[in-house]
Amino acid sequence: MPVRFYNTLRRFVEDFVPMTPGKVGLYTCGPTVYNFAHVGNFRAYVFEDVLKRTLRYAGLQVYHIMNLTDVDDKTIRDSQKAGVSLLEFTQRYKDAFFEDIRQLRIDPADAYPSATDHIPEMIEIIRKLFEKGFAYKAEDGSVYFSIAKFPEYGKLAHIDLDGMRPGARVKHDEYAKESVADFALWKAYDEQDGPVAWDSPWGRGRPGWHIECSAMSSKYLGNHFDIHCGGIDNMFPHHEDEMAQSEAANGCTFVNYWLHNAHLIVDGEKMSKSAGNFFTLRDVQQRGYGGREVRWVLLGTHYRQTLNFSFRECDAARVALARVDDFVRRLNEVRGQADAGEPATVERLTQSQADFRASLEDDLNTSGALGALFDLVRDVNRMMDSGQCAGAAAGKVLDQLRDFDKVLACLDVDREEAVPAEIQALVDERQAARKAKDFPRADTARNRLLELGWVVEDTAKGPRVKRKR
RNA sequence: GGCGCGGUAGCCAAGCGGUAAGGCGAAGGUCUGCAAAACCUUUAUACACCGGUUCGAAUCCGGUCCGCGCCUCCA
């Protein structure tokens, strides 16, 4: 079965066929680095991470580019407010972004080009657009793309231009445009931009928003590549405009598959900076949840479905992950025992992996993949209970979990936690008391462990300690 | 007004024509010195509502009611 995706361009799920067999060019819209990203932003990046990992899981080699928007109205405005240069200001948030995606176990892109490093490439595209008659310089000194010259405009968002309602607030400079829907390729210098400006054949100024993605995707992936992703809110106008200018400039198809993730909502409303109802990853961590829990919550809902974020779900994630951790711990214990049940275990694993893979390859059904994981956990726990999975068989289950984790990236199969001597001493003390049937003393030791953040569990093979979750 | 998405158990969430995955929570049980973990059982005669198509619909079609998103910077 080939991997299948819902292509926004055609509005249905279709088989994914890479342009070059075995290889995939992937471009994902990255953050505008003017602030810390919030969980809603990370939903997009985690979705794209799962996409990339799934493509690899299916045997494809992925070349992934994510841009960093480091010049726009907000970065300029806020850097001035902070009293530092644009470069210094955006660098802070680039650093924060990389730290956050590390916490979320997102596999880094092959390159993270910044807009400010690609001004010449953008100017070159605008020059081509002028040459071909798609661009014009307006009275306000800015350069715009004329959608009237590009009949296919609207094919991604399925926008009928007649149905478009101009925004209530029309900025004065927009009167200069030939059509309301025309968009800026190059913005003429404005005093409010301070020192932020570049020279161009059309005068000093700065690039429009969409042109950076056209320039950087072409530079790193070619004029025509496989997949372009972003949040659904980027579909229009950003991606529509990007596609129009790229196809107009290059005279070829821009992207074969457009994938968009749905929003994340909080209390029924879209999480967004402007609404103020957002949580950064740091906010969530302050409440005691790690990137692992957040990733798990994001994995729980299909990417095209609106996700309802709540701390209640973070709690559920923590418990669910603890269940997986206990499972891993138990497999490691059982692995050292005499071999048992290998054929039956292998058969079960084969089925499990098939279910897991089928779910992911069907338009990234992560919920289904998680279901396959938990079905396996339950069945193998049952087998271990009756001694029908031990030794090498347990080792194979661990291998299967490592395999799943290539995509899930939150199973922690090989994270071993050392038990401090002080803790081990208390465990031994309790065990000695139990042997002597001195249960009050045993319970005192257990309570002491609990105070120190450790939980002790008795098994047929002796006591086991683990950190309290 | 245009375009689009959704309403499935207490909560989250799959399924998209063949008789309701999974997680969390809750209740009971097995095991245990007691626990914990694990396992077992129970927890939606039912998928917003009303019609229709079909041997058969949560799944397709029509309508109604709610909720949300985009059309303006936004993942």
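For reference, each letter of the first sequence is one residue, going 1 to 469 in the numbering used here.
Even glycine gets a Cβ: it sits at the ideal position worked out from N, Cα and C.
DSSP beta-bridge partners of residue i
i, result
"LEU259", "CYS229"
"PHE5", "GLU14"
"ILE265", "LYS270, ASN308"
"GLN192", "In DSSP, GLN192 forms no bridge with anything."
"THR350", "BP columns for THR350 are empty, so no partner."
"ASP362", "ARG4"
"TYR27", "ILE65, HIS228"
"GLU457", "ARG464"
"TRP296", "None, per the DSSP bridge assignment."
"ALA184", "TYR144"
"TRP198", "GLY205"
"THR20", "LYS23"
Closest residue to residue i among the options (Cα-Cα distance)
i, options, result
"ALA44", "ALA188, HIS302, ALA82", "HIS302"
"GLU152", "SER246, ALA432, LEU281", "SER246"
"SER217", "VAL407, GLY30, ASP267, ASN7", "GLY30"
"PHE404", "TRP198, ALA184, ALA58", "ALA58"
"PRO195", "LYS149, ARG430, ALA442, VAL71", "VAL71"
"VAL334", "ARG312, ALA393, ALA262", "ALA393"
"GLY368", "VAL380, ALA354, ASN381", "ALA354"
"ASN7", "GLY230, SER142, ASP117", "GLY230"
"ILE211", "ALA37, LYS187, LEU426", "LYS187"
"PHE130", "ILE101, ASN250, PRO237, PHE42", "ASN250"
"GLY336", "ALA390, ASP385, ARG77, GLU313", "ALA390"
"TYR189", "ALA421, PHE183, LYS466, ASP199", "ASP199"
"CYS213", "ARG204, GLY205, HIS224", "HIS224"
"MET243", "ASN234, VAL255, ASP233", "VAL255"
"THR116", "ASP100, ALA181, ASP110, GLY205", "GLY205"
"ILE232", "TRP258, TYR220, LYS219", "TRP258"
"GLU407", "ALA157, ILE125, VAL46, THR90", "Residue identity check: residue 407 is Val in the sequence provided, not Glu. Of the candidates ALA157, ILE125, VAL46, THR90, the one whose C-alpha sits nearest the C-alpha of VAL407 is VAL46."
"TYR220", "PRO113, THR20, LYS94", "PRO113"
"ALA111", "LEU26, LEU307, GLN431, ILE123", "LEU26"
"ALA181", "ARG53, ASP160, VAL13, THR20", "ASP160"
"ASP326", "ARG10, VAL13, VAL465, HIS38", "VAL465"
"ARG295", "GLN305, ARG304, GLN286, PHE309", "PHE309"
"ARG77", "ILE126, ASN35, GLN285, PHE42", "ASN35"
"ALA176", "VAL84, GLY141, PHE311", "GLY141"
"SER79", "GLN192, LEU426, VAL324", "GLN192"
"ASN381", "LEU452, ALA262, LEU331", "LEU331"
"VAL266", "GLU313, ALA460, ARG318", "GLU313"
"LYS461", "TYR136, GLN431, GLU451", "GLN431"
"MET383", "ILE119, VAL346, VAL50, LEU411", "VAL346"
"HIS260", "HIS118, LEU156, VAL328, ASP283", "LEU156"
Own chain partners of residue i with C-beta closer than 7 Å, once the 5 adjacent residues on each side are dropped
i, result
"GLN388", "ALA340, GLY341, ALA344"
"ALA372", "SER352, ASP355, PHE356, SER359"
"PHE134", "PHE145, SER146, LYS149, PHE150, ALA248"
"ALA168", "Because the pLDDT at ALA168 is just 36, under 50, the model does not fix this residue reliably, and the point stays unresolved."
"GLY291", "GLN103, LEU104, ARG105, LEU281"
"GLY208", "PHE183, ALA184, LEU185, TRP186, LYS187"
Residue i: first and last residue of the uninterrupted alpha helix (DSSP H) it sits in
i, result
"ASP443", "439-451"
"LYS466", "From DSSP, LYS466 is part of no alpha helix (DSSP H) but of the beta strand (DSSP E) over 462-467."
"ASN206", "Checking the sequence, you will find Arg at residue 206 rather than Asn. Taken as a continuous stretch (DSSP letters only), ARG206 belongs to no alpha helix (DSSP H), being part of the beta strand (DSSP E) at 205-207."
"ARG282", "281-286"
"LYS219", "211-221"
"GLN337", "Taken as a continuous stretch (DSSP letters only), GLN337 belongs to no alpha helix (DSSP H), as it is neither H nor E."
"GLU240", "240-250"
Span of the beta strand (DSSP E), counted from its first residue to its last, around residue i
i, result
"PHE145", "143-145"
"TYR136", "135-137"
Sequence-distant residues of the same chain with beta carbon closer than 8 Å to residue i, five excluded per side
i, result
"LEU376", "ARG348, LEU349, SER352, VAL397, GLN400"
"VAL24", "PRO18, LEU55, LEU60, GLN61, VAL62, TYR63, ASP226, ILE227"
"GLU88", "SER79"
Spatial neighbours of residue i in its chain, beta-carbon cut-off 6 Å, leaving aside the 5 residues before and after
i, result
"LEU299", "THR366"
"LEU307", "LEU264, THR301"
"HIS172", "No answer about HIS172 holds up, because its pLDDT of 40 lies below 50 and its placement is not dependable."
Contact test: residue i Cβ vs the ligand ATP heavy atom, cutoff 6 Å
i, result
"HIS158", "Judged by which ligands are present, the structure shown has none, so any question about the ligand ATP falls away."
List in chain order: all unbroken beta strand (DSSP E) runs of 3+ residues lying wholly within the region 61-124. Under the rule that a run must span 3 or more residues, the beta strand (DSSP E) segments found entirely inside the region 61-124 read 61-66.
Go through the region 33-60 residue by residue and report every complete run of the alpha helix (DSSP H) that reaches 4 residues or more, in order. DSSP assignment within the region 33-60 yields the following whole alpha helix (DSSP H) runs of 4 residues or more, N-terminal first: 39-57.
Identify every run of the alpha helix (DSSP H) within the region 384-421, keeping only runs that are complete inside it and at least 4 residues long; order them along the chain. The qualifying runs are 392-408.
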